[in-house]
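The structure appears below as structure tokens.
Number of protein chains: 2
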Amino acid sequence: MADDILRKRRSGGRAANTARRSQSLFAQMPWRIPLNTDRPTEPLREEGVQAIHDGAMRILEEIGIEFLNEEALELFREAGCTVNGTNVRMGRDWVMEMLSTAPAQFDITPRNPDRKITIGGGHILFGNVSSPPNYWDLEIGRKVSGTRAQCANLLKLTQYFNCIHFAGGYPVEPVDVHASVRHLDVVFDKMTLTDKVAHAYSLGAERVEDVMEMVRIAGGLTEEQFAAKPHMYTNINSTSPLKHDIPMIDGCLRCIRKGQAVIVTPFTLAGAMAPVTMSGAVTLSIAEALSAIALFQYVRPGAPCVIGTFTSNVDMKSGAPAFGTPEYMRATQMTGQMARYYGLPMRASGVCAANVPDGQAMWETSNSLWSAVQSGTNIVYHAAGWLEGGLIASPEKFVMDCEVIQMIQRYLEPEVVATSPDDIAIDAIKEVGPNGHFFGIQHTQDRYEDAFYQPFVSDWRNYEAWELAGGLWTAERAHRLYKEIVAGFEPPPMDDGIREELEAFVTRRKAEGGAPTDF
Amino acid sequence: MADDILRKRRSGGRAANTARRSQSLFAQMPWRIPLNTDRPTEPLREEGVQAIHDGAMRILEEIGIEFLNEEALELFREAGCTVNGTNVRMGRDWVMEMLSTAPAQFDITPRNPDRKITIGGGHILFGNVSSPPNYWDLEIGRKVSGTRAQCANLLKLTQYFNCIHFAGGYPVEPVDVHASVRHLDVVFDKMTLTDKVAHAYSLGAERVEDVMEMVRIAGGLTEEQFAAKPHMYTNINSTSPLKHDIPMIDGCLRCIRKGQAVIVTPFTLAGAMAPVTMSGAVTLSIAEALSAIALFQYVRPGAPCVIGTFTSNVDMKSGAPAFGTPEYMRATQMTGQMARYYGLPMRASGVCAANVPDGQAMWETSNSLWSAVQSGTNIVYHAAGWLEGGLIASPEKFVMDCEVIQMIQRYLEPEVVATSPDDIAIDAIKEVGPNGHFFGIQHTQDRYEDAFYQPFVSDWRNYEAWELAGGLWTAERAHRLYKEIVAGFEPPPMDDGIREELEAFVTRRKAEGGAPTDF
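Chains as they are written, first to last, in full-length UniProt numbering: chain S, 1 to 519; chain L, 1 to 519.
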């Protein structure tokens with residue numbers, strides 16, 4: 001089908017002309033930090049919250065978590081926890097005491113202070129897809145290994161869309177760049193193509209330190225200024241069940257000691273690396289996340305930490321991960337209740353199992369994004385561009401997801417549900433009466449321009465007008481917008497001196513051999 | 001693009017072979033009446049609810065509603081309302097007194113009592129798309145006028161899917177059947193192809209009476225048995241702004257006098273036939289709906305009535321209706337708050353503006369279906385098969401929507417969020433430990449089969465397996481399932497005598513000329 005679409009696209013005609021329209025025709029919503037005032041959807045009653053809490057505490061007290069990182073083991077010993085080999089058991093009183101210093105809300109300030117994000121406190125933020133090894137677009141029409149050029153194009157989309165608040169991990173893994181220096185090239189691209197909050201992979205000391213240094217340089221900061229408040233973050237996954245590996249914990253310790261933020265996201269797939277029951281999988285996830293966050297609070301009380309959820313279920317037929325399922329939604333909502341119980345900001349994701357940007361992709365992604373809203377999630381990873389359970393990044397999917405995210409942003413604007421006398425509009429209803437319409441009246445004219453969400457990739461024309469314009473399905477329209485955005489992309493301004501300093505740093509670190517690749 | 005898909009489909013090969021798999025491979029969820037225990041999303045605070053209530057009452061008291069139906073005007077006069085020509089004003093005390101007799105919950109029992117539905121009381125029901133004049137499928141690949149054959153096929157889908165609880169209006173308007181006898185043919189098809197709750201259009205006395213008679217015959221009921229409780233319903237729209245036409249009110253009066261149910265659904269499109277503000281459009285909708293429901297309660301206290309919402313917004317560019325927008329979602333949620341305020345069951349819809357069953361279709365439809373869940377809606381019209389703002393019915397869209405509806409049904413099952421000790425699964429977590437997995441353990445084996453939602457049109461395989469199986473996009477997979485379902489369809493059993501009586505009724509009424517076509 002992708003081949004068919006491409007051939008049609010290349011054949012030009014009326015539809016191709018439409019695609020050549022100026023980019024200025026594409027109005028998007030302004031940059032803002034949405035505030036989610038909806039009462040969260042809470043499937044657990046109080047006793048359910050207590051059951052999961054008690055279960056997580058029993059895991060920490062009776063079963064323990066494996067920490068492979070020696071430094072972490074030493075810290076746990078120092079804190080009075082029970083350490084047997086790599087197994088760490090910790091009492092619930094100690095865990096809750098440690099959590100008491102974790103902030104419920106904090107800011108991260110990137111090189112452009114106007115792009116500062118607030119994590120927690122009812123805000124909800126969206127970021128690009130991170131880490132797929134593969135890439136798919138309508139023009140290529142098949143799954144291919146990611147490249148630096150594709151990665152850069154997806155970073156351009158990340159920067160272009162105001163509804164994308166932060167630049168997560170690599171939007172696609174550029175496997176054409178050697179792993180030892182990949183972080184240097186991609187983070188250079190990220191620093192120069194975007195001015196939004198960036199992320200460091202905790203995949204070895206050198207990588208984390210290099211990224212922190214590059215974020216410092218890009219921000220024109222002294223070491224002291226950098227360490228004074230969060231300018232970036234790392235996100236780690238536990239090795240479920242019940243394990244934290246060496247580099248992930250190392251990266252977090254490096255970040256928090258320099259005042260940067262960490263997100264701890266277990267990947268507890270119910271029926272595979274977690275119990276087949278959703279509350280069991282959530283309980284395991286909570287225990288794994290809290291064990292690390294408690295450690296980080298012990299090391300640096302008040303360190304900005306986020307509890308992440310990546311609890312889903314397997315496909316009963318194949319054992320493969322499924323995403324955007326009813327079970328996924330409920331797990332996310334349950335985790336939201338637990339995050340509020342512990343007073344921690346929360347991360348969730350925009351995910352799907354679909355292989356191409358079609359109907360299934362959008363109902364699965366809608367399910368996951370709306371469950372983020374319903375759960376009171378504060379930071380949504382992979383919110384744009386994700387396919388095939390995270391194995392594929394797609395620019396068409398990125399553009400389509402941004403429409404859904406913009407609609408969520410609009411949905412959260414209080415004006416939509418305002419009920420002042422002017423909103424209730426009795427005078428306008430009286431004026432129009434039973435035989436008129438509201439198109440022309442002053443009440444409408446005064447509000448028309450901003451009254452409703454205006455889409456950029458949805459086509460709201462009737463069938464005949466849509467057909468006349470080429471009869472393009474959504475993925476095809478998204479492809480054209482992606483091409484337009486990349487063609488017209490202008491990087492955010494950067495001081496020449498800073499750019500040279502970044503280049504010099506990359507050159508020097510490459511000369512030194514980059515980072516070890518034995519991870 | 002539809003042409004491309006069709007050509008590929010016809011070319012056969014591996015993918016075509018896959019499509020020939022037995023229908024028994026297609027497992028769907030059982031028939032059940034889902035109970036929605038989620039706390040509704042309520043964007044209005046108490047003062048917002050009061051502002052809309054007061055606005056609606058002021059419309060009824062100060063502006064009045066036009067009732068073109070003479071009988072209705074006489075009834076309003078008799079009830080003490082202020083009638084000037086066709087304008088009816090009614091005091092809020094009278095309205096609230098009338099509403100006090102409306103049931104918050106009632107049942108409708110079709111010819112198969114196992115298909116009884118409960119409307120209200122936290123239940124949520126889904127029905128097929130109703131009334132599009134046009135049809136689209138992948139094989140035809142363009143918009144065409146509806147036919148009786150297409151209508152019958154969509155009725156087969158309505159019957160086939162357990163998640164579809166009732167047969168709404170004609171799933172596509174069969175314009176190849178003369179309007180005078182169309183209701184006889186389509187309702188005959190509906191009575192014989194389905195055993196679910198049916199609907200009568202209030203488009204003239206003969207049509208309503210004929211349908212009630214056919215439902216009575218199909219159920220093997222005496223006139224007394226038919227009138228003793230609801231066996232079917234009608235759904236009417238007001239002529240917004242501020243007007244109820246003659247046949248719609250007539251049809252409702254005929255239904256309630258024979259003990260049947262009515263749904264009153266204003267179509268208040270913000271910026272067109274309603275104020276440009278969403279709360280204003282909701283207020284107008286509430287006033288229009290309550291004026292009719294108050295009348296019906298006056299005529300028959302306790303008559304089963306449902307308040308419907310069809311409040312959306314126009315496209316700012318074209319003035320065309322938009323659906324599944326953020327504004328639509330909020331209007332639905334606000335109407336849910338008002339329906340609970342008045343103690344009435346509520347109807348909403350599954351809608352989109354998209355012209356084909358693609359990504360946009362599914363994010364718009366997901367938005368509308370989830371807002372039905374969030375608003376506490378009891379009965380969801382147009383939940384499967386709707387395209388182009390209701391102007392097109394599509395079997396592919398029908399199948400795709402049923403996947404979303406099944407996921408909602410699964411989402412609402414309490415087992416998903418159970419937190420018994422067995423669910424929290426501490427023993428299983430202990431058993432597996434840090435180095436195992438949960439695939440093989442007894443805790444998983446005991447629960448595996450029913451642990452997770454199992455899809456029928458979603459493809460959860462990885463890209464390579466999906467590609468090997470033909471690389472079919474969602475709409476194409478849905479097309480094949482639609483063909484399989486129709487090919488293997490077996491109508492629900494019907495007594496030969498009843499079938500003959502139905503046939504005789506249709507023959508007689510056709511001989512009498514059917515119904516007038518001057519509506």
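A virtual CB, placed ideally from N, CA and C, is assigned to each residue, including glycine.
For Leu193 of chain S, the closest alpha carbon among the candidates S:Ala205, S:Ile424 and S:Leu155 is that of S:Leu155.
Secondary structure note for Asn128 of chain L: its beta strand (DSSP E) is the uninterrupted segment Leu125 to Asn128.
Secondary structure note for Asp427 of chain L: it is in no beta strand (DSSP E), and the uninterrupted alpha helix (DSSP H) holding it is Ile426 to Val432.
Of all residues in the region 168-184 of chain S, none places a beta-carbon less than 9 Å from a beta-carbon of chain L.
Taken through DSSP and simplified to helix, strand or coil, Ser458 of chain S comes out as coil. Annotation note: the region 322-405 of chain S contains the following uninterrupted beta strand (DSSP E) runs of length 3 or greater, listed N- to C-terminal: 346-349 and 379-384. The C-beta of Ser366 of chain S comes closer than 8 Å to at least one C-beta of chain L.
With contacts defined by Cβ atoms closer than 8 Å, Ile498 of chain S and Ile108 of chain S do not form a contacting pair. As the crow flies, the alpha-carbon of Gly336 of chain L is around 12 Å from that of Thr311 of chain L. Look at the region 263-281 of chain L: the residues with a C-beta under 8 Å from a C-beta of chain S are Ala270, Gly271, Ala272, Met273, Ala274, Pro275, Val276, Thr277, Met278, Ser279 and Gly280.
Taken in chain order, the complete alpha helix (DSSP H) segments of 4 residues or longer contained in the region 448-497 of chain L are 448-451, 463-468 and 474-487. According to DSSP, residue pairing for Ile108 of chain S in a beta bridge involves S:Ile117.
In the structure shown, Leu35 of chain L adopts extended strand secondary structure according to DSSP, grouped into three states. Sorting S:Ala205, S:Ile164, S:Cys163 and S:Val211 by C-alpha distance to the C-alpha of Asp185 of chain S places S:Val211 at the top. Note that the C-beta distance between Trp460 of chain S and Ala56 of chain L is not below 8 Å.
If you compare the alpha carbons of S:Tyr463, S:Gly471 and S:Leu481 with that of Lys397 of chain S, the shortest gap goes to S:Leu481.
Assigned with DSSP and collapsed to three states, Phe67 of chain L falls in strand. Listed by position along chain S, the residues whose Cβ is nearer than 8 Å to that of Gly48 of chain L are Val417 and Thr419. Think of a sphere of 9 Å around the beta carbon of Glu388 of chain L: the chain S residues whose beta carbon falls inside it are Asn462, Tyr463 and Trp466, in chain order. Assigned with DSSP and collapsed to three states, Cys81 of chain L falls in coil, not helix or strand. For the pair Val380 of chain L and Ile124 of chain L, the CB atoms are nearer than the 8 Å cut-off.
The contact set of Arg447 of chain S on chain L, defined by CB atoms closer than 8 Å, consists of Val276 and Thr277 in chain order. Within a 10 Å sphere around the beta-carbon of Gly440 of chain S sit fewer than 16 other beta-carbons, which makes this residue exposed. Checking the DSSP bridge columns, you'll see Phe166 of chain S partnered with S:Gly127 and S:Val197.
Excluding residues up to 5 positions away in sequence, Gln333, Gly336, Gln337, Arg340, Gln374, Ser375 and Gly376 lie with their Cβ nearer than 8 Å to the Cβ of Pro40 of chain L in the same chain. In this structure the region 271-289 of chain S lies against the region 430-439 of chain L, because at least three pairs of beta carbons, one per stretch, are closer than 8 Å. About 7 Å separates the CB atoms of Ala198 of chain L and Val187 of chain L; that is less than 8 Å, so the two are in contact. Taking all protein chains shown into account, Asn84 of chain L has fewer than 16 neighbouring C-beta atoms within 10 Å of its C-beta and is therefore exposed.
Minimum Cα-Cα distance from Val282 of chain S among the listed residues S:Ala27, S:Ala320 and S:Ile52 corresponds to S:Ile52.
With contacts defined by Cβ atoms closer than 8 Å, Leu138 of chain L and Glu476 of chain L form a contacting pair.
DSSP places Met232 of chain S in the strand class (E or B) of the three-state scheme. Chain S has a Cβ within less than 8 Å of the Cβ of Ile52 of chain L.
Between Ser145 of chain L and Tyr170 of chain L, the C-beta gap is not smaller than 8 Å, which leaves the two residues out of contact. Restricting attention to L:Glu467, L:Thr118, L:Arg92 and L:Thr277, the CA atom closest to the CA of Arg32 of chain L is found in L:Thr118. By the rule that beta-carbons nearer than 8 Å mark a contact, Phe439 of chain S touches chain L.
Straight-line spacing of the CA atoms in Val208 of chain S and Ala200 of chain S works out to 6 Å.
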